[in-house]
Each structure stands twice: as C-alpha cells, then as structure tokens.
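Asker: Just passing along the structure, written as structure tokens.
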Amino acid sequence: TCKNWGLSASNHRNREDSWFKSLFVRKVDPRKDAHSHLLTKNEESNLYKIQFHNVKPECLDAYNQLCEETLPSIHNDKYYPCELVGTWNTWYGEQDQAVHMWRYRGGYPALTEVMSKLRQNKEFMKYREERGKMLLSRRNQLLLEFSFWNEPIPRKGPNIYELRSYQLRPGTMIEWGNYWARAIGYRQHNSEAVGGFFSQIGNLYMVHHLWAYKDLEAREATRNAAWQHEGWDEVVYYTVPLIQHMDSRIMIPMKASPLQ
Numbered sequence: 001t002c003k004n005w006g007l008s009a010s011n012h013r014n015r016e017d018s019w020f021k022s023l024f025v026r027k028v029d030p031r032k033d034a035h036s037h038l039l040t041k042n043e044e045s046n047l048y049k050i051q052f053h054n055v056k057p058e059c060l061d062a063y064n065q066l067c068e069e070t071l072p073s074i075h076n077d078k079y080y081p082c083e084l085v086g087t088w089n090t091w092y093g094e095q096d097q098a099v100h101m102w103r104y105r106g107g108y109p110a111l112t113e114v115m116s117k118l119r120q121n122k123e124f125m126k127y128r129e130e131r132g133k134m135l136l137s138r139r140n141q142l143l144l145e146f147s148f149w150n151e152p153i154p155r156k157g158p159n160i161y162e163l164r165s166y167q168l169r170p171g172t173m174i175e176w177g178n179y180w181a182r183a184i185g186y187r188q189h190n191s192e193a194v195g196g197f198f199s200q201i202g203n204l205y206m207v208h209h210l211w212a213y214k215d216l217e218a219r220e221a222t223r224n225a226a227w228q229h230e231g232w233d234e235v236v237y238y239t240v241p242l243i244q245h246m247d248s249r250i251m252i253p254m255k256a257s258p259l260q
C-alpha cells in the first residue's frame, strides 16, 4: 500500500510539474482576436464544407454510382472555385453513410459563387433530385483548418481513413489548439495526418481530425507508437477534460475521391 501511495504521489507531482512547465509554453491569447483568426492561417485560410448523407440501405450502390458520375465533373471544372477533397463510405461507425468534403479557396465568397452557379447547372440539379430520393437524412458543416495541420492533398491508395470528431466544451477551442499545435508533431511519423478542422457553421465547438492508414492493423500500430513519444501522454491527459463527446468513423474512399 505504501508503495502504491508513493507511485500515486509521484504521478501527482509529475502532473503538477507538467502543468507548471506548460505555463511557460507560448500560447495564443484568446482576448486579442476571434478564435477563427487565432487558430487558422488567416489570409491563407481555406473554407471547407463537410457533408454527411445517410443513405437508404437498398440505395447505397446506386447513390455511389450517381456521385461518381457527377462530383468529379464539378471538381474538374475551373468555372467552379471549389475542389473535392475526398468522398467516402463509412465502414465502421454509422452505417450506410457517405461523407464528402469540399475546399473553397476563396472562402465565403467562393462558396456563395459556387452555390449560385450550381443552381443554374441542370446536370447538378438533376443529380440533387435523384440523390434526394435515396437519402434518409443529411447534414453539413462549414469548417476552417487549423494552422498547424497539413492541408489535405490527393493521396494514392489503397488507404482507409479515420474521421475522429470531438464535441468540445464551449470556450475550450483555444486550449485545444494550443495542445494540438504541439501534439501533431507526435503523429507525423507514418504520414498518417491528413487534415484538422474546426466548425464555423453547424455544430459549434466541433473538431474533426482526418487520418489515413494502410489498414486497421497499421492504425493500431501507429496509434500505439504515439505513446512511446515523451509528451504524448500529457496531451491526452490535458485534452480529454475538454471533450463533451467524441466519435470515430472508419471510411473507405469512393472511386472518385482524390484521397485514395
């Protein structure tokens, strides 16, 4: 018992020491500007839209084919200032679900321009009409990217993707960003980090981390390896209390996805 008490006291002192050291780590001052300006690349920031489509189980194959026939044509057309980042089906997590992510390099004006032009696009409007018959529900969010994450770029496969979504406690986004600005360095060794985003419209105080792995075994090995890096345990210890709810999806890219 004395030995266990000694270990407990030692762990407590280590955490206190880590907390004390963290006071001297350069942090963002949340009082100086809006959270979105503090956490992004500012003038270089891109706007992202993530879509979640819950598909009728019997329609999933037809839905995928419809998306593969239509989405790349919009992505490749320079008339539309947007890019298809990735498009997936969930494998583990919510079933019969499709996830799409778009990038708008011109921010909100680009989003407005694209939406206006698509309403005049007969092919797209026909696609929306057909798609609507196949869906049970749909939702979307507008996101900004964290400045310290990679920008998602096309990737050769085959890969599986994990979308980890965190609902944070209101007022903790800056704290989350400060910890992950350091933590991302522990998760770059196998090129698994694809992108990190936080919501602007939709569910607020929502964070999405997108990871790529060769398979589920590689995912397990990579995640276990992170614990061998000094400092990773501190990040987990201090960020877990910031989370209200978290969710994980394992996703398989559709044929049209630039992220394979």
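With full-length UniProt numbering as the guide, the letters of the sequence shown map in order to residues 1 to 260. Cβ atoms here follow ideal geometry from the backbone N, Cα and C, with glycine treated the same way. Values in this document were obtained by computation on a predicted structure and should not be read as measured data.
Thinking C-beta only, is Arg103 closer than 8 Å to Val114?
Answerer: no
Asker: With a threshold of 6 Å on Cβ separation, who are the neighbours of His209 within its own chain once the five nearest residues in sequence on each side are excluded?
Answerer: Arg164 and Gly196
Asker: Go ahead and pull the three-state DSSP assignment for Thr87.
Answerer: strand
Asker: So, is Met246 buried or exposed, given that buried needs 16 or more other C-beta atoms within 10 angstroms?
Answerer: Met246 comes out exposed.
Asker: In its own chain, which residues sit with a C-beta less than 6 Å from the C-beta of Gln200, not counting the 5 before and 5 after it?
Answerer: Leu142 and Leu144
Asker: Under 7 Å: does the beta carbon of Ser165 sit that close to some heavy atom of the ligand NAP?
Answerer: Ligands in the displayed structure: none, and consequently the ligand NAP is not present.
Asker: Comparing C-alpha positions only, which one of Trp227, Ala62, Leu259 and Glu162 sits nearest to Glu130?
Answerer: Ala62
Asker: Here's the rule I'm using: 16 or more other beta-carbon atoms within 10 Å means buried, otherwise exposed. How should Ile74 be labelled?
Answerer: buried
Asker: Since Met251 and Val55 should fall inside the 8 Å C-beta cutoff, what is the C-beta to C-beta distance between them, to a whole number of angstroms?
Answerer: Rounded, the Cβ-Cβ distance is 14 Å, inconsistent with contact.
Asker: Let me make sure I understand the geometry here. Which of Met125, Ser248 and Tyr48 has the alpha-carbon closest to that of Asn140?
Answerer: Between Asn140 and the set Met125, Ser248 and Tyr48, the nearest pair of CA atoms involves Tyr48.
Asker: DSSP three-state label for His245, please.
Answerer: strand
Asker: From which residue to which residue does the alpha helix (DSSP H) around His209 run?
Answerer: Here His209 belongs to no alpha helix (DSSP H); instead the beta strand (DSSP E) covers Met206 to Tyr213.
Asker: Whole angstroms are fine: how far does the CA of Gly177 sit from the CA of Trp227?
Answerer: 20 Å
Asker: Over what stretch of residues does the alpha helix (DSSP H) that includes Phe124 continue unbroken?
Answerer: Residues Lys122 to Gly132.
Asker: In terms of DSSP beta bridges, what is Lys49 paired with?
Answerer: In the DSSP assignment, Lys49 is bridged to Trp102 and Leu142.
Asker: Expressed to the nearest angstrom, what Euclidean distance is found between the alpha-carbon atoms of Arg31 and Thr40?
Answerer: Reliability fails at Arg31, whose pLDDT of 46 lies under 50, so the model's placement of it is uncertain and the value that follows must be treated cautiously. Taking the CA atoms as reference points, Arg31 sits about 16 Å from Thr40.
Asker: If I follow the unbroken alpha helix (DSSP H) through Ile174, where does it start and stop?
Answerer: Met173 to Ala183
Asker: Taking only the alpha-carbon atoms, compute the straight-line gap between Ile243 and Leu168 and give it to the nearest angstrom.
Answerer: C-alpha separation (whole angstroms): 4 Å.
Asker: If you compare alpha carbons, which of Met134, Pro109 and Tyr92 is closest to Leu216?
Answerer: Tyr92
Asker: Just list the residues that DSSP pairs Tyr161 with in beta bridges.
Answerer: Ala212 and Met251
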